[in-house]
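What follows is one structure encoded as structure tokens, with my remarks underneath.
There are 2 protein chains.
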Amino acid sequence: MRLAELSERSGVPIPTIKYYLREELLPPGRRVSATQAEYDEEHLRRLRLVRALLQLGRVPVATAREVLAAVADESVDQLSRLGTAVAALPPGGPRDTDGDETTAREAERTAEELQRRLGWRVVPENPAHLTLVSALSALLRLGYPCDVSQLLPYGRLAGDLAAHEVALIGEFEAPTTQLEAAVALTVLYEPVLLSLRRLAQAEEASRRFGGE
Amino acid sequence: MRLAELSERSGVPIPTIKYYLREELLPPGRRVSATQAEYDEEHLRRLRLVRALLQLGRVPVATAREVLAAVADESVDQLSRLGTAVAALPPGGPRDTDGDETTAREAERTAEELQRRLGWRVVPENPAHLTLVSALSALLRLGYPCDVSQLLPYGRLAGDLAAHEVALIGEFEAPTTQLEAAVALTVLYEPVLLSLRRLAQAEEASRRFGGE
Numbered sequence: 001m002r003l004a005e006l007s008e009r010s011g012v013p014i015p016t017i018k019y020y021l022r023e024e025l026l027p028p029g030r031r032v033s034a035t036q037a038e039y040d041e042e043h044l045r046r047l048r049l050v051r052a053l054l055q056l057g058r059v060p061v062a063t064a065r066e067v068l069a070a071v072a073d074e075s076v077d078q079l080s081r082l083g084t085a086v087a088a089l090p091p092g093g094p095r096d097t098d099g100d101e102t103t104a105r106e107a108e109r110t111a112e113e114l115q116r117r118l119g120w121r122v123v124p125e126n127p128a129h130l131t132l133v134s135a136l137s138a139l140l141r142l143g144y145p146c147d148v149s150q151l152l153p154y155g156r157l158a159g160d161l162a163a164h165e166v167a168l169i170g171e172f173e174a175p176t177t178q179l180e181a182a183v184a185l186t187v188l189y190e191p192v193l194l195s196l197r198r199l200a201q202a203e204e205a206s207r208r209f210g211g212e
Numbered sequence: 001m002r003l004a005e006l007s008e009r010s011g012v013p014i015p016t017i018k019y020y021l022r023e024e025l026l027p028p029g030r031r032v033s034a035t036q037a038e039y040d041e042e043h044l045r046r047l048r049l050v051r052a053l054l055q056l057g058r059v060p061v062a063t064a065r066e067v068l069a070a071v072a073d074e075s076v077d078q079l080s081r082l083g084t085a086v087a088a089l090p091p092g093g094p095r096d097t098d099g100d101e102t103t104a105r106e107a108e109r110t111a112e113e114l115q116r117r118l119g120w121r122v123v124p125e126n127p128a129h130l131t132l133v134s135a136l137s138a139l140l141r142l143g144y145p146c147d148v149s150q151l152l153p154y155g156r157l158a159g160d161l162a163a164h165e166v167a168l169i170g171e172f173e174a175p176t177t178q179l180e181a182a183v184a185l186t187v188l189y190e191p192v193l194l195s196l197r198r199l200a201q202a203e204e205a206s207r208r209f210g211g212e
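If you're matching them up, the sequences are chains X and C in order.
Heads up: the first sequence begins at 1 in the UniProt record's numbering, then just goes up one per residue.
Heads up: the second sequence begins at 1 in the UniProt record's numbering, then just goes up one per residue.
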């Protein structure tokens, strides 16, 4: 397809597509004349992923390039590609920066014990592990409950969700398509999950305190 | 306690506390001399909440003031105070802005059907409802799966989580303390939930694709 059709089918304006091409977020089309190139379904899929990352995931361009390179790197196995791609995504939340050492150590211990209790391997260099430690350190420092027993239900639910999500990813056929979907769904389902949590809280609070 | 002790116990620097006082995020202390004021446990609690909102929830000062006013408004019932406070918090995710009308309508229908299937009341003016619709519209537009059957597991898990969270809030004694905790935990547990989801995904993916 030509650039105009790629734009129409993706809903992404032509100047934006040209920008993605210049930034090498999108591989070049196949040249058919001095001024025209031909694009295929792979371009369309990749374009959707770029859009999801930049616009909805608020991922910086340089980070998106890193994520996409990991997705496309066929020299390593599927799991490493997935790990590298997802690890490059910005963490799902701000880092707590002004905790003291004692709190940080307690948060680290809590995060590790929680994962062990859930039967998960502890991978301290996983950025999500650092985000978790930071979030726990904030809870501790601000005096809110965050012992392992409070956290276990969150961990169990996250585990159930991940099983559902990884099975969903498994339904995509080609390895690269699977990875693209994994990255997109990691980013795009975050607001779904957070908004459903707030709606469920409202529902639950009105049942419990609403008195109707 | 004096300002110095309030600072030490909260871990918040004195100039920052003075800024919060000027911005009316923190009620003034009880004057004991021309230059000194006395603060109590309520100030400490409130200070922790302000810190959680501004620093970790990235809530703008004006929004934090609105949330805190709702929490403190004893003229209305508990549920309305909670609803107003949580609704004022920034939504848990970016809004999708370039969807077309057809997609927006389909997203709205999906969001409503999902909530009905979960047995929840649909409250279209809840900001979380708008965030959900926006997230679904992005998924639809980018061609990723988001029919009600895909979304139901997320909703059920969010419901389980909310039941756990609302019960947790119920353990705090005074109505105002409950509301403060509800606001703080809504914000502070978002990175906990998102990071646990990513850790669970990594664990699940390595079980499924890792081949060990």
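Even for Gly, the Cβ is constructed at its ideal location relative to N, Cα and C.
Keep in mind it's a predicted model, so treat the numbers as computed, not measured.
The alpha-carbon separation between E204/X and V166/C amounts to approximately 7 Å. As the crow flies, the alpha-carbon of V71/X is around 8 Å from that of T84/X.
Following the DSSP letters along the chain, one finds R156/C inside the alpha helix (DSSP H) bounded by residues V148 to G170. Taken through DSSP and simplified to helix, strand or coil, R31/C comes out as strand. From the beta-carbon of S7/C, no residue of chain X is found nearer than 8 Å; the closest lies around 12 Å away.
Here the alpha carbon of A162/C sits roughly 43 Å from the alpha carbon of S75/X. In this structure, the CA atom of V183/X is about 8 Å from the CA atom of L82/X.
Contact between Q201/C and T186/X holds, with the beta-carbon distance rounding to 7 Å and staying under 8 Å.
Taking 7 Å as the cut-off, the beta carbon of E180/C is found no closer than this to the beta carbon of L47/C.
Checking the DSSP bridge columns, you'll see A37/X partnered with R31/X. Proximity of T131/X to chain C, defined by a Cβ-Cβ separation below 7 Å, is satisfied. Closest option to L25/X, judged by alpha-carbon separation, among A52/X, E5/X and E38/X: A52/X.
For L136/X, the closest of R156/C, S7/C, L194/C and A138/C by C-alpha to C-alpha distance is L194/C.
Residue environment for R105/C: exposed (fewer than 16 other C-beta atoms within 10 angstroms of its C-beta).
Residue-level contact check: Y154/X touches chain C, since one or more beta carbons of chain C fall below 7 Å from its beta carbon.
In chain order, I14 place their CB closer than 8 Å to the CB of A4/X, counting only its own chain and leaving out the 5 sequence neighbours on each side.
Secondary structure of L118/X (DSSP, three-state): coil.
Your pair C146/X and L139/X checks out as a contact, with CB atoms roughly 4 Å apart and the cut at 8 Å. The three-state secondary structure of V192/C, taken from DSSP, is helix. Looking only at R141/C, V148/C and T16/C, the smallest Cα-Cα distance to E101/C is reached by R141/C. When rounded, the separation of the alpha-carbon atoms in A64/X and Q178/X is 17 Å.
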